[in-house]
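If you read the sequences in order, they're chains A and B.
Per my numbering, the first sequence starts with residue 36, numbered consecutively.
Per my numbering, the second sequence starts with residue 416, numbered consecutively.
Positions of the beta carbon are idealized from the N, C-alpha and C atoms, including for glycine.
What you are looking at is a predicted structure, and each value in this text was computed from that prediction instead of being measured.
Below is one structure; the comments refer to it alone.
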Amino acid sequence: AWSAPPPPPPPPPVRDPNCDDPDVEQAALAAVQYVNSNHRHGYKYTLNQIDKVRVYQRRPLGEVYVLEMDLLETTCHVLDPTPLKNCIVRQVIEHAVEGDCDVSVLKLDNQFVVSNAKCESSPDSAEDVRKVCPNCALLVPLNDTKVLHAVDAALAAFNAQNHSSYFKLLEISRAQIAPLQSSVYVEFVVVPTDCAPKDMADPAACNLLADQYGFCKATLTEKDGGEDVAASCTVFGAAPGPQPDGAGSTVGPTVAAGPTEAARPVVATGPPVVAGPARPPVF
Amino acid sequence: GVPGPGLGVPGPGLAAPAIPLCPGRIRYFKV
Chain A
36 AWSAPPPPPP PPPVRDPNCD DPDVEQAALA AVQYVNSNHR HGYKYTLNQI
86 DKVRVYQRRP LGEVYVLEMD LLETTCHVLD PTPLKNCIVR QVIEHAVEGD
136 CDVSVLKLDN QFVVSNAKCE SSPDSAEDVR KVCPNCALLV PLNDTKVLHA
186 VDAALAAFNA QNHSSYFKLL EISRAQIAPL QSSVYVEFVV VPTDCAPKDM
236 ADPAACNLLA DQYGFCKATL TEKDGGEDVA ASCTVFGAAP GPQPDGAGST
286 VGPTVAAGPT EAARPVVATG PPVVAGPARP PVF
Chain B
416 GVPGPGLGVP GPGLAAPAIP LCPGRIRYFK V
């Protein structure tokens with residue numbers, strides 16, 4: 036008598052592949068992309084290590100990768116269009132920030148789709164930073180009064196440079212104070228508005244221009260009873276208009292200029308504020 | 416010349432020594 040061959044044994048419901056397995060890495064990279072595209076503040080993260088992985092069979096088709104992974108903060112803001120592969124990882128001496136993520140990724144038809152992700156970020160310990168750099172500045176809360184003052188001073192100085200637009204603060208992204216507390220380092224995001232800086236009377240009446248961002252770094256240093264502020268901003272997006280010096284705001288370096296009268300209250304002494312190069316439009 | 420218990424090649428039904436598969440490689444540095 037003829038009988039059908041026995042059906043193949045069902046695949047095991049669970050397997051534990053190598054954390055460095057190419058499929059596991061692909062699932063992790065899909066999860067990193069998902070995380071970066073789903074937070075609107077702070078910086079992009081990049082994959083540092085896959086801690087654990089377990090793969091479950093999904094009925095009727097596919098597999099679910101459940102991962103634990105470590106990420107590291109980069110220097111690219113999430114609104115910065117720079118591709119992640121070109122972003123630099125924050126080093127320990129900059130007080131690195133780590134992200135711990137639990138994610139689930141569905142693999143179906145060789146495509147990886149993230150179904151959920153939960154992440155927590157935490158800075159490296161101050162002790163770890165001091166081990167390699169005793170005098171390096173450490174992260175401080177973004178609402179610290181010294182931080183707020185440094186950002187106000189830097190933005191005022193930047194706006195005093197006769198840009199074609201008045202820039203508004205979008206967010207403070209990072210702040211560090213050195214152990215001696217004589218200088219405050221801040222990173223923040225600004226957005227150009229439809230107001231011209233010279234005619235700007237009421238900042239509240241100025242509207243933000245869409246899809247244009249400036250990423251600023253500034254250091255405010257207390258000096259001889261006054262303050263020095265040095266700031267540079269890289270602006271991405273369409274040109275709001277020509278610069279007073281005749282150079283387009285999207286080409287070439289913006290000319291470094293000394294503080295204007297409006298900047299004097301916040302730029303007491305020291306070197307002029309320097310505006311960084313504006314890059315070509317990317318949006 | 417006869418190996419004692421626990422030595423030599425695992426017999427039938429015995430698993431080979433487990434190789435740690437995870438965590439994976441560190442790409443930058445450990446925080």
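Rounding to the nearest angstrom, what Cα-Cα distance links residue i and residue j in this structure?
{"i": "A:Trp205", "j": "A:Val225", "result": "According to the sequence provided, residue 205 of chain A is Leu. The question's Trp does not apply to it. Each residue's alpha carbon lies about 5 Å from the other."}
{"i": "A:Glu257", "j": "A:Asp51", "result": "56 Å"}
{"i": "A:Leu243", "j": "A:Thr81", "result": "30 Å"}
{"i": "A:Ala189", "j": "A:Asp86", "result": "41 Å"}
{"i": "A:Asp58", "j": "A:Leu96", "result": "17 Å"}
{"i": "A:Leu143", "j": "A:Tyr100", "result": "11 Å"}
{"i": "A:Ala65", "j": "A:Ala210", "result": "30 Å"}
{"i": "A:Ser237", "j": "B:Ile441", "result": "Per the sequence presented here, residue 237 of chain A reads as Asp, with Ser not at that position. If I take the Cα positions, the gap works out to 51 Å."}
{"i": "A:Asp334", "j": "A:Cys268", "result": "The structure shown does not extend to residue 334 of chain A, since chain A is modelled only from 36 through 318, so no value can be given for it."}
{"i": "A:Cys54", "j": "A:Thr228", "result": "47 Å"}
{"i": "A:Ser218", "j": "A:Leu255", "result": "5 Å"}
{"i": "A:His198", "j": "A:Val113", "result": "24 Å"}
{"i": "A:Gly272", "j": "A:Ile212", "result": "31 Å"}
{"i": "A:His184", "j": "A:Lys252", "result": "14 Å"}
{"i": "A:Ala191", "j": "A:Thr180", "result": "16 Å"}
{"i": "A:Ala266", "j": "A:Val90", "result": "49 Å"}
{"i": "A:Gln84", "j": "A:Asn71", "result": "16 Å"}
{"i": "A:Pro42", "j": "A:Pro48", "result": "17 Å"}
{"i": "B:Gly439", "j": "A:Asn145", "result": "22 Å"}
{"i": "A:Glu296", "j": "A:Gly261", "result": "At A:Glu296 the pLDDT is 28, less than 50, meaning the model places this residue with poor confidence; the figure from the coordinates comes in the next sentence. For A:Glu296 and A:Gly261, the distance between alpha carbons rounds to 16 Å."}
Which residues does DSSP list as the beta-bridge partners of residue i?
{"i": "A:His112", "result": "A:Tyr78"}
{"i": "A:Pro158", "result": "A:Val132"}
{"i": "A:Met104", "result": "A:Ile85, A:Cys136"}
{"i": "A:Leu255", "result": "A:Val219, A:Val264"}
{"i": "A:Leu64", "result": "In DSSP, A:Leu64 forms no bridge with anything."}
{"i": "A:Pro227", "result": "A:Phe202"}
{"i": "A:Arg50", "result": "A:Val90"}
{"i": "B:Phe444", "result": "Answer is none; B:Phe444 lacks a bridge partner."}
{"i": "A:Gln211", "result": "A:Leu174, A:Tyr220"}
If distances are taken between C-alpha atoms only, which option among the options comes closest to residue i?
{"i": "A:Gln68", "options": "A:Ala245, A:Thr228, A:Asn151, A:Ser267", "result": "A:Asn151"}
{"i": "A:Val264", "options": "A:Met235, A:Val221, A:Ala231", "result": "A:Val221"}
{"i": "B:Lys445", "options": "A:Gln126, A:Pro44, A:Phe147", "result": "A:Gln126"}
{"i": "A:Thr109", "options": "A:Ala266, A:Pro118, A:Ile123", "result": "A:Ile123"}
{"i": "A:Leu174", "options": "A:Pro48, A:Lys153, A:Asn145, A:Glu129", "result": "A:Glu129"}
{"i": "A:Asp75", "options": "A:Cys111, A:Val140, A:Pro169", "result": "It should be noted that the sequence gives Arg, not Asp, for residue 75 of chain A. Nearest C-alpha to A:Arg75: A:Cys111."}
{"i": "A:Val270", "options": "A:Glu262, A:Ser72, A:Tyr201", "result": "A:Tyr201"}
Taking 9 Å as the CB-CB limit, is residue i close to chain D?
{"i": "A:Pro47", "result": "Looking at the structure shown, chain D is missing, and the protein chains on hand are A and B."}
(message) By the 7 Å beta-carbon criterion, what residues does the segment 58–80 of chain A contribute toward chain B?
(response) none
(request) Could you name the residues of the segment 141–159 of chain A whose beta carbon sits closer than 7 Å to any beta carbon of chain B, in the order they occur along the chain? (result) Asp159
(message) Closer than 7 Å between beta carbons: that is the criterion. Which residues of the segment 82–114 of chain A meet it against chain B?
(response) Leu82, Asn83, Gln84, Ile85, Asp86, Lys87, Val88, Leu107
(message) Extract the residue ranges of the alpha helix (DSSP H) inside the segment 140–191 of chain A, only unbroken runs of 4 or more that lie entirely within it.
(response) 161–167
(message) Closer than 9 Å between beta carbons: that is the criterion. Which residues of the segment 36–54 of chain A meet it against chain B?
(response) Asp51, Pro52, Asn53, Cys54
(request) Using a Cβ-Cβ cut-off of less than 9 Å, give me the residues of the segment 169–201 of chain A that come near chain B, in sequence order. (result) none
(request) Note down, in chain order, all residues in the segment 119–137 of chain A with a beta-carbon under 9 Å from any beta-carbon belonging to chain B. (result) Val124, Gln126, Val127, Ala131, Val132, Glu133
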